[in-house]
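Participant: Taken in order, these protein sequences are the chains called A and B.
Following the working numbering, the numbering of the first sequence begins with 86 at its first residue and continues without gaps.
Following the working numbering, the numbering of the second sequence begins with 10 at its first residue and continues without gaps.
Ideal Cβ placement from N, Cα and C applies to all residues, glycine included.
Bear in mind that the values here come from a model prediction, so they are computed numbers and not experimental data.
Could you have a look at this structure, given as structure tokens, before my questions?
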Amino acid sequence: MNVAVVTFPGSNCDDDCHHVFGPVLGAKTTPVWHGDSSIPDGTDIVVLPGGFSYGDYLRTGAIARFSAIMPAIADFASRGGRIIGICNGFQILCEAGLLPGALIQNRSLRFICETVPIRCETTDSAVTRNCTENQVLRIPIAHAEGNYQLDDDGLDRLEGEGQVLFRYCSPTGALDSAYNPNGSKRSIAGIMNAGRNVFGMMPHPERISEDVLGGVDGRLLLEGLVCP
Amino acid sequence: MEATVEVISGGPVKAKIIVMPRKEVLDPQGEAVQSGLHSMGYDEVTSVRVGRYVELELDGSAAEAEARVKTMCQKLLANEVIEDFQFTVES
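As structure tokens, this is what we get:
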């Protein structure tokens, strides 16, 4: 599998993604610069990594979505190519309109950096196909703007179409506002588009894909993604 | 969204834009400011919403600027999923 990892000014999880998709998962990764206007031929997966693209100025992801590379990414998505946006990458995909909704400041106004339980809401996606329904995974989050917002009709549609990938939950998988770290509507931690080829999630699976880093729950997701 | 065009001749065209969180969207910053005001004793404050104020200076006429500023707001300066905007253009 050929994985293109896009670096924006301020991305800081791009090296982690190269490491995990490359040596850990065995894919071939290629760096793509935000100023490029195309992605390499033969790309199977595009990764928008975490970080603080353009300093998060104005709104997270708001400036990055106008990068030179973004039309090529939108075109790749429209042709069914798999795209995953992690953390800042999720924010960029929402700003670009490739995923519904938006991510605003955490309810607490604090930057949250901790490992949290999330519940797998569907197994009908490349990212979650190795999971079981309602499986609880422990994945790190690290964000100040992870509070997912969408109007109720949009949320009903997402849920109705089974486009919610993950919700924040208790260690045993119960939904409870006490375990919703950032105030996200309906505890949503990750979603996909209607075509089920564009994925966005605030938790960082690439940070928990090796035993030496404390677990492999993230690897379960990324292995699914890189499977043909 | 409201736009007011005040045509006053002379000087550069200036657009004054206010972006606010939509009413139905949680405003954590506004809530924190409200609780700060309450802790200072300003109990009469029943709601706080914190938004963003943007000023632009533009070449061209105020009439031309109006449509273009609206597009700038829709495309970049506001995210209509979570925010409303209004602006005035004056020259």
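Determine the direct distance from the alpha carbon of Ser96 (chain A) to that of Phe137 (chain A), and round the result to whole angstroms.
Facilitator: Approximately 6 Å, taken between the alpha carbons.
Participant: Between the segment 255–268 of chain A and the segment 211–231 of chain A, can you find at least three pairs of beta-carbon atoms closer than 8 Å?
Facilitator: As far as the Cβ criterion goes, the segment 211–231 of chain A touches the segment 255–268 of chain A, which means the pair count is three or higher.
Participant: What's the gap between the Cα of Val212 (chain A) and the Cα of Leu310 (chain A)?
Facilitator: Rounded to the nearest angstrom, the two C-alpha atoms are 5 Å apart.
Participant: Would the beta-carbon of Ser294 (chain A) fall within 8 Å of that of Val131 (chain A)?
Facilitator: Not closer than 8 Å, so no.
Participant: So is Met49 (chain B) buried or exposed if we call it buried at 16+ other beta carbons inside 10 Å?
Facilitator: So Met49 (chain B) counts as exposed.
Participant: Cα separation between Leu86 (chain B) and Gly39 (chain B)?
Facilitator: The alpha-carbon atoms of Leu86 (chain B) and Gly39 (chain B) are separated by roughly 20 Å.
Participant: Taking 8 Å as the CB-CB limit, is Glu180 (chain A) close to chain E?
Facilitator: The question asks about chain E, but that chain is absent: this structure's protein chains are A and B.
Participant: In whole angstroms, what is the alpha-carbon distance linking Phe284 (chain A) and Pro21 (chain B)?
Facilitator: Taking the straight line joining both Cα atoms gives about 45 Å.
Participant: Can you give me the C-alpha to C-alpha distance between Pro313 (chain A) and Val59 (chain B), rounded to a whole angstrom?
Facilitator: One C-alpha to the other measures close to 46 Å.
Participant: Are the C-beta atoms of Pro37 (chain B) and some chain A residue less than 8 Å apart?
Facilitator: Yes - at least one Cβ of chain A is within 8 Å of the one on Pro37 (chain B).
Participant: From Lys84 (chain B) to Val297 (chain A), what does the alpha carbon distance come to, in whole angstroms?
Facilitator: Lys84 (chain B) and Val297 (chain A): Cα-Cα distance of roughly 44 Å.
Participant: Determine the burial state of Asn219 (chain A): buried for a count of at least 16 other Cβ atoms within 10 Å of its Cβ, exposed for fewer.
Facilitator: With fewer than 16 Cβ atoms within 10 Å of its Cβ, Asn219 (chain A) is classed as exposed.
Participant: Thinking C-beta only, is Glu308 (chain A) closer than 8 Å to Val105 (chain A)?
Facilitator: Their beta carbons are not under 8 Å apart, which means Val105 (chain A) does not touch Glu308 (chain A) by this criterion.
Participant: Given a threshold of 16 other Cβ atoms within 10 Å of its Cβ, counted over all protein chains shown, does His47 (chain B) qualify as buried or as exposed?
Facilitator: Answer is exposed; the Cβ neighbour count stays below 16.
Participant: If contact is defined by three or more beta carbon pairs under 8 Å, each pair taking one atom from either stretch, is the segment 197–210 of chain A in contact with the segment 160–176 of chain A?
Facilitator: Touching, no, given that fewer than three Cβ pairs across the two stretches are closer than 8 Å.
Participant: Residues of the segment 263–284 of chain A in Cβ contact with chain B at a cutoff of 7 Å, in chain order, please.
Facilitator: Answer in chain order: Gly268.
Participant: Determine, using beta carbons only, whether Leu91 (chain B) comes closer than 8 Å to chain A.
Facilitator: Checking the sequence, you will find Ile at residue 91 (chain B) rather than Leu. Yes, contact with chain A.
Participant: With DSSP run on the structure shown, which of helix, strand or coil describes Pro156 (chain A)?
Facilitator: Note: Pro156 (chain A) maps to helix in three-state DSSP.
Participant: Given that a residue counts as buried once 16 or more other Cβ atoms are within 10 Å of its Cβ, and exposed if not, what is Ile96 (chain B)?
Facilitator: Looking at the sequence shown, residue 96 (chain B) is not Ile but Phe. Answer is buried; the Cβ neighbour count reaches 16.
Participant: Closer than 6 Å by C-beta to Ser272 (chain A): which residues in its own chain qualify, once you throw out the five before and the five after it? Chain order, please.
Facilitator: Only Arg252, Tyr253, Leu260, Asn265 meet the Cβ criterion.
Participant: Do the CB positions of Gln190 (chain A) and Gly146 (chain A) come within less than 8 Å of each other?
Facilitator: Not closer than 8 Å, so no.
Participant: Going residue by residue through the segment 181–209 of chain A, where are the continuous beta strand (DSSP E) segments of at least 3 residues, counting only ones entirely within it?
Facilitator: Entirely contained in the segment 181–209 of chain A, the beta strand (DSSP E) runs reaching 3 residues are, in chain order, 187–189, 197–205.
Participant: Mind checking the segment 65–77 of chain B against chain A and listing, in chain order, the residues whose C-beta falls within less than 9 Å of any C-beta there?
Facilitator: Listed by position, the residues of the segment 65–77 of chain B near chain A (Cβ gap below 9 Å) amount to none.
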